[in-house]
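Below you'll find the structure, written out as structure tokens, and then a few comments.
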Amino acid sequence: MQLTVWTYEGPPHIGAMRVATAMTGVHYVLHAPQGDTYADLLFTMIERRDKRPPVTYTTFQARDLGTDTAELFQSALADAYERFKPQAMLVGSSCTAELIQDDPGGLADALHLPVPVIPLELPAYQKKENWGAAETFYRIVRTLASPRQGQERPKNERPLANLLGPTALGFRHRDDIIEITRLLESMGIGVNVVAPLGASPADIQRIPDADFNVVLYPEHALSAAQWLERAFKQPYTKTVPIGVNATRAFIAEVAQIAGVSADVPERTRLPWYSRSVDSTYLTGKRVFIFGDATHALAAARVASKELGFQVVGLGTYSREFAREIRAAAAEYGVEPLITDDYLEVEAAVRDSNPELVLGTQMERHIAKRLGIPCAVISAPVHVQDFPARYSPQMGFEGANVLFDTWVHPLMMGLEEHLLRMFREDFEFQEAPSHLGAAPQAAKEAPAPRELAVAAPAEVAPAHQAAETPATPSALVWLADAEAELRKIPFFVRGKAKRNTERYAAEKGISNITVETLYDAKAHFSR
Amino acid sequence: MSIEDAVADTGCQDRQIRHERGQRAVFCGLTSIVWLHRKIQDAFFLVVGSRTCAHLIQSAAGVMIFAEPRFGTAIIEERDLAGLADLNEELDRVVNRLLERRPDIKMLFLVASCPSEVIKLDLDRAAQRLSADFAGRVGIFSYSGSGLDTTFTQGEDTCLAALVPVLPEAKREAARSLMVVGTLADVVEDQFARLFREIGLENVHFFPPRDSQHLPPVGENTHFLLAQPFLTETARTLQRRGARHIPAPFPLGEEGTTGWLRAAARTFGIPDERFEAVVAAPRDRARRALSAHKAKLEGKSIFFFPDSQLEVPLARFASRELDMKLAEVGTPYLHRQHLAAELDLLHKDLIIYEGQDVENQLDRCREARPDLTVCGLGLANPLEAEGLATKWSIELLFTPIQGYDQAGDLAELFARPLNRRARLEV
């Protein structure tokens, strides 16, 4: 039994819904009690979808448990088929229905529906959302994909690829597809099928027509791609093209698989912007990274090699990819954090003392409370993660987007500094800052009435909170030293204070003087 | 699925109630934790359930601005399903750790869910067992928020009903007192407290209280007014403790609020002249606040999907105070006795749908093409995309709408979607 406050992933049937909702011509009948229909709002509100997810819930109640829930499932399935006339159906149980063991697959068989019915076994007490999405996609592919019928493809036709992994409620999946399709087109490679997002059962059937598969999101597509390789000898790409270097490596990998040239124009400003002198202030910025494994790994690479940041924390909630995260963490010399306990992540962020957090919406809230700039890099998503503009994470344009979205929160930090620097000047007018008003302790704020999907109520971020950490009670700052500390620019003041106190504690000094301050500075600048 | 027509006897009139069974697009009772935890400010709500339960509350409660909110889920995992003995041990461990970490918590609710009910985990006994361990420090209670037993707001009903047995006994010789039952926003509660005082009611308590140390007394001299229409069990348990229900409409709109206050005033023998003198000014304020919205809403049709059980009082408000036309009124349950005063105020020919078959209801909604549809968040954007203006029903629970000074706000909630449509030219 695990005490959970906030969760990164929903149950596995939510993953199945993300696949079903992404597709067309599919309907999912979920054996589930009243209340489980809440999941619809994730799609209609967070992603602003204009249709209900293609899901029928049996919504059984206590009185049904006494009678026949199996019959209820069958009538819901038959009604859903009649009403929606899908090309394929998915059937399964949510956590509660799993306990009553009605066997949706067997019950569906007995109805002899004229379309393929794919039973999903998603163990709700073991697995989570991303696993559920991967398993669902794998089952669909396995059931529907079939070898090419009829004539062979013409010899001179350009190579074809499938893009696998994008789902509903994915982090920028919508735009990544466009970017990678363009990239492949520029290499002379056509896209055969994008799945599950936008694919119909008929499209899934012709996945084997392509020469190879591009696995955009291993969390969702790796198991399907591995099966396709075994069943149809379709190779799949291992590189996820997030960042300039990964995009280059991806192009090389694709060129090799498809036997085409890797000579592609690099439409990205990131390398030059990073080398531009104004970016020197980015050097060694301490960055904490947490997200799904794919985005976290990519963010660490981009942050360290393409922006010159210092990775001070790296973690994921995707236990399935813990090994990859551990390997990368070793490379950056940090402790890997493999957890889905939000409080543990918050503690790790606080302890690693970062200047920038790259995370999910959960870390955005953590960062806000701690007064640290933050950019979102991964699901779980929020309505803000579906921007009106084109905003991919992948490919060269994706690299441009990363530069802007990660660097801007830091630049605003610099602006804040200038505001403070000039605060003493008589011309200075107290201007409202984008970072909000007074610091607020990380406790409950008054009555939030907003919903997940509405504009979020933001706790006024405490920019100063990071600046003046509490002094351990055994230590005393003498007046001179304290005055000296205040002369240090705010954005390094917190670090100076902590370092000085650490130094004092290590040396057994209880009264901190100006001397102690500079001794500590010398000590830590070695 | 099946629709049976039934004629229900409301006591005063014959009215057609249609019962529908099919897919219900409603929240389960766990959702009411979202407002209950705000109301009782030293209480923690621990759902004993699955990852789905945690995900539901997170999705409904929304923004994660609290590092450690006063609710959480003890997620049952595969190994917990091996045996109930171990599961109880696990639960004790989780509760102990939670209460050690949160010394500010004075009241803990163990909230049953669909999975905990199906595996027959007895949370009542768990609460008793744990109460002994934390006696004098934390009051531990249990209730069901499971979708098997409760729909949305019924979670508040089961929660409050679980507290009724521990309300202090009012002394036999104590003066008669009024208890207002059902969660109201603090600002609304304060307004009502002021009005009751001015009317001449001294002994007024609100239930649930703002903190667990101020549970209202109950006894044979207690008369209670329901502030919410979904408190069936709570009312029953209060009556079992001798309290008497004051039949009244619900305090939505000027008319509802007046009827509600007047029912209390008459029960306590307040002269009508005094009552009218006190409420004259706020009534007038409410009417003025309503008039601007009424101009925009009169003649418009409104369609209610079943959601919170507030639908019948809201429909009464919309039709009588805003002159809107009722296209359809659906409610998950209809408590005929508690709603008797409301039903009396509705047109005799209005059909009320109890229960839901969401697909059939959507067909009827598309057919009716109402000017405004009050529905859940899962349906709102799809209906908007079909050209129908919608109002999220959950906002009616999260926004203070009761009382004279909120009557205008309530009307504005209905007017806003139409106003927005009128402004947009894209």
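Chains as they are written, first to last, in UniProt numbering: chain Y, 1 to 526; chain C, 1 to 426.
We treat Cβ as the ideally placed atom computed from N, Cα and C, and that holds for glycine.
Residue range of the alpha helix (DSSP H) that includes residue i
i                      : result
residue 178 of chain Y : 173 to 186
residue 116 of chain C : 114 to 118
residue 144 of chain C : Residue 144 of chain C -> not in any alpha helix (DSSP H); beta strand (DSSP E) instead, spanning 139 to 144.
residue 53 of chain C  : 51 to 61
residue 232 of chain Y : 218 to 232
residue 279 of chain Y : Counting along the chain, residue 279 of chain Y falls outside any alpha helix (DSSP H), and DSSP gives it neither H nor E.
residue 154 of chain C : 154 to 163
Residues near residue i in its chain [Cβ-Cβ closer than 8 Å; skip 5 each side]
i                      : result
residue 139 of chain C : 106, 107, 108, 131, 166, 212
residue 36 of chain C  : 43, 45, 155, 156, 159, 183, 208
Beta-carbon contacts of residue i that lie in its chain and below 6 Å, excluding the five residues immediately before and after
i                      : result
residue 253 of chain Y : 237, 239
residue 453 of chain Y : Legend: pLDDT at residue 453 of chain Y = 40, less than 50; position of this residue unreliable, no value from coordinates given.
residue 27 of chain Y  : 54, 80, 84, 86, 89
residue 147 of chain C : 28, 114
residue 319 of chain C : 326
residue 94 of chain C  : 74
residue 388 of chain C : 373
Residue environment, residue i, which counts as buried when at least 16 other CB atoms sit within 10 Å
i                      : result
residue 362 of chain C : buried
residue 239 of chain C : exposed
residue 305 of chain C : buried
residue 500 of chain Y : buried
residue 272 of chain Y : exposed
residue 378 of chain C : buried
residue 487 of chain Y : exposed
residue 167 of chain Y : buried
residue 280 of chain Y : exposed
residue 194 of chain C : exposed
residue 294 of chain Y : buried
residue 316 of chain C : buried
residue 207 of chain Y : buried
residue 173 of chain Y : buried
residue 106 of chain Y : exposed
residue 269 of chain C : exposed
residue 157 of chain Y : exposed
residue 125 of chain Y : buried
residue 380 of chain Y : buried
residue 404 of chain C : buried
residue 528 of chain Y : Residue 528 of chain Y falls outside the range modelled here, since chain Y spans only 1 to 526, and no answer is possible.
Expected contact under 8 Å - CB spacing of residue i and residue j to nearest Å
i                      : j                      : result
residue 355 of chain C : residue 21 of chain C  : 6 Å
residue 9 of chain Y   : residue 278 of chain Y : In fact, because the Cβ distance is near 39 Å, the residues do not count as touching under 8 Å.
residue 74 of chain C  : residue 91 of chain C  : 6 Å
residue 231 of chain C : residue 188 of chain C : With 8 Å as the limit, residue 231 of chain C and residue 188 of chain C do not qualify as a contact, their Cβ atoms being about 16 Å apart.
Run of the beta strand (DSSP E) containing residue i, from where it starts to where it stops
i                      : result
residue 523 of chain Y : Note, residue 523 of chain Y: premise wrong, no beta strand (DSSP E); alpha helix (DSSP H) at 514 to 524.
residue 207 of chain C : 204 to 207
residue 31 of chain Y  : 26 to 31
residue 310 of chain Y : 310 to 316
residue 356 of chain C : 352 to 356
residue 528 of chain Y : Any answer about residue 528 of chain Y is impossible in this case: the structure gives chain Y only from 1 up to 526.
residue 325 of chain C : 325 to 331
residue 337 of chain Y : 336 to 338
Cβ-based neighbour list, residue i, same chain, cut-off 7 Å, excluding 5 preceding and 5 following
i                      : result
residue 139 of chain Y : 118, 120
residue 37 of chain Y  : 57, 59
residue 70 of chain Y  : 102, 107
residue 392 of chain C : 377, 380
residue 509 of chain Y : 516
Would you list, in chain order, the members of the stretch 69 to 85 of chain C that have their beta-carbon closer than 7 Å to a beta-carbon of chain Y? 69, 72, 73, 74, 75, 76, 77, 78, 80, 81
Proximal residues, the stretch 314 to 336 of chain Y versus chain C, C-beta separation under 9 Å: none
By the 9 Å beta-carbon criterion, what residues does the stretch 106 to 140 of chain C contribute toward chain Y? 113, 114, 115, 117, 118, 119
Taking Cβ-Cβ distances below 7 Å as the criterion, which residues of the stretch 51 to 63 of chain C are in contact with chain Y? 51, 52, 54, 55, 56, 58, 59, 60, 62, 63
For the stretch 146 to 162 of chain C, enumerate the residues whose C-beta is nearer than 7 Å to any C-beta of chain Y, in chain order. 147, 148, 149, 151
Residues of the stretch 84 to 107 of chain Y whose Cβ lies closer than 7 Å to any Cβ of chain C, in chain order: 94, 95, 96, 99, 100
Which of the residues in the stretch 493 to 509 of chain Y, read from start to end, lie with their CB under 7 Å from any CB of chain C? none
Check distances from the C-beta atoms of the stretch 7 to 30 of chain Y to those of chain C and list, in chain order, the residues that come in under 9 Å. 7, 9, 10, 11, 12, 13, 14
Members of the stretch 377 to 399 of chain C near chain Y, C-beta cut-off 9 Å: 377, 378, 379, 380, 381, 382, 384, 385, 386, 392, 394, 395, 398, 399
Could you run through the stretch 21 to 33 of chain C and flag, in chain order, every residue whose CB is less than 9 Å away from some CB of chain Y? 22, 23, 24, 25, 26, 27, 28, 29, 30, 31
Short of 7 Å Cβ to Cβ, which residues in the stretch 34 to 50 of chain Y face chain C? 34, 35, 36, 37, 38, 40, 41, 42, 44, 45, 48, 49, 50
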